[in-house]
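See structure below.
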Amino acid sequence: MECYLVGGYVRDTLLGYPAKDKDWVVIGSTPKAMVKKGFRPVGKDFPVFLHPDTQEEYALARTERKHGHGYQGFTCYSSPDVTLEQDLARRDLTINAIAQTPTGDLIDPFNGQDDLRHKILRHVSPAFIEDPVRVLRLARFAAKFGFSIAEETHDLIQTMITNGELTYLVPERIWQELIRALQTRHPSQFFTSLRQLNALAILFPEIDDLFGVPQPAQWHPEIDTGIHVMLVLDQAAKLSTDPHVLFAALCHDLGKATTPADILPQHIGHEQRGVTITRQLCKRLNVPRAMSTLALKTAQYHTHVHRAFELKPKTILAVLLALDAFRKPQQFEHFLLACEADCRGRPGYETAAYPNKSYFQRCLNACRAIDIKPILQQGKKGKAIAEALNMARIHAIRTVPHKVDR
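Residues in the sequence shown are numbered consecutively from 118, following my numbering.
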């Protein structure tokens, strides 16, 4: 029995990245022999075991054969006669097909180290075409590492698109890869890579539709709405690693894709149109409720925060209530971060101050500081209590200064 480290652990170690989970491939063994050595079987679709002491994953070497469409259309073959090179050959990219012996020696039959040095993402074999999830993974690695895609890999993906392979991706896998991509250092590269591959319109048509839509140059030097949303996404990644914030930032301007041509480059009413499109996107991808709620609220109310100092106290309170800020302060903070990213997602505004955020925070704090006891002592009941409390909140907001002296 021979054991080798494989996959992301080896790749990240070679890149100098923090490497977390160790994955091992086992050559020359059987499930029965693994159990006899104390390994615990955990694999559902193929033989994977947990080490009795380290709890690290050990998978028996295997090959895969395509028998249907999509990422589930595979038959796995695992046997003691499957070689290490055969196991590595089934992997997606050369940078993920490097093995390491327990003593540190590298086995690299597909020249993955060269591609790491040259920052290139390249498929291992034509079998790449058999799993559509690999297109999403490829774009995610481009966002994570800042690597470029090999020309031959680009061409292979065009064949996948022509064959309709991407249409077999299920929403759960698309969402899973999207969330992981949003938490990379440059999430915009996930989408720009998919666009370069002609896959964005298939997988995320709502995002693809934004490219080429003009905005007023006075407020958006970048002009193109698609470029703006990509800039916003990268700014959001600098402000937070929370996927709630990043997904909200991604969805905030979806309504601009359907702005009537006769009013361009203005986008009057894009907020409400964005709510409709965001709701459709969330439904299609089965987005978790908390994330879809924040995305919908951000689409509808982000321009209110941008106009914070023009709003009446009554309107500010309406925004606080709509965001459920009193009961869900973290959701409100996530919303404000997405708004700040929107402001900074423009050339020349990357480090701009955004006092609108702190103003809304101070308005919320002023409202929360209200003592409700005097209202209750007036003998009011039901709606009358809520009305009196909101009147007190409006008065409190009115006293909040636009600027704070430092």
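Every residue, glycine too, gets a C-beta built ideally from N, C-alpha and C.
From a predicted model like this one, the values you see are computed outputs, not experimental measurements.
| Query | Result |
| --- | --- |
| Reference Gln306, options Asp351, Ala316, Arg290, closest by Cα | Asp351 |
| DSSP state of Pro331 mapped onto helix, strand, coil | strand |
| Ordered list of alpha helix (DSSP H) runs contained in the region 408–487, each at least 4 residues | 430–439, 446–461, 472–485 |
| For Trp141, the first and last residue of its enclosing beta strand (DSSP E) | 140–144 |
| Where Glu119 falls, given that 16 or more other Cβ within 10 Å makes a residue buried | exposed |
| Inter-stretch contact (C-beta, 8 Å, three-pair minimum) for the region 388–395 and the region 495–509 | no |
| Same chain only: Cβ atoms within 6 Å of Asp441, ignoring 5 sequence neighbours per side | none |
| Pick from Gln300, Met347, Val330 that is closest to Ile340, judged by C-alpha positions | Val330 |
| Start and end residues, alpha helix (DSSP H) containing Phe308 | 305–313 |
| Simplified DSSP state of His271, which is helix, strand or coil | helix |
| Segment limits, alpha helix (DSSP H) that includes Leu132 | 125–132 |
| As assigned by DSSP and simplified to three states, the class of Leu210 | strand |
| Continuous alpha helix (DSSP H) assignments of at least 4 residues falling wholly in the region 225–270 | 229–235, 250–262 |
| Where Glu119 sits in the DSSP three-state scheme | strand |
| Residue from Asn228, Gly221, Thr220 whose Cα sits closest to the Cα of Glu202 | Asn228 |
| Contact set for His361: own chain, Cβ-Cβ below 6 Å, skip 5 residues either direction | Met408, Leu411, His451 |
| Buried versus exposed call for Tyr121 [16 or more other C-beta atoms within 10 Å across all chains shown] | buried |
| C-beta atoms of Phe477 and Val404 nearer than 8 Å | no |
| Residues near Ala219 in its chain [Cβ-Cβ closer than 6 Å; skip 5 each side] | In the sequence under discussion, the amino acid at residue 219 is Pro, which differs from the Ala named in the question. Same-chain partners within the cutoff: there are none. |
| Exposure of His519, with buried meaning 16 or more beta-carbon neighbours within 10 Å | exposed |
| From Glu282, Thr200, Gly160, Val127, residue whose alpha carbon lies closest to that of Asp222 | Val127 |
| Bridge partner(s) assigned by DSSP for Ala176 | Val142, Val165 |
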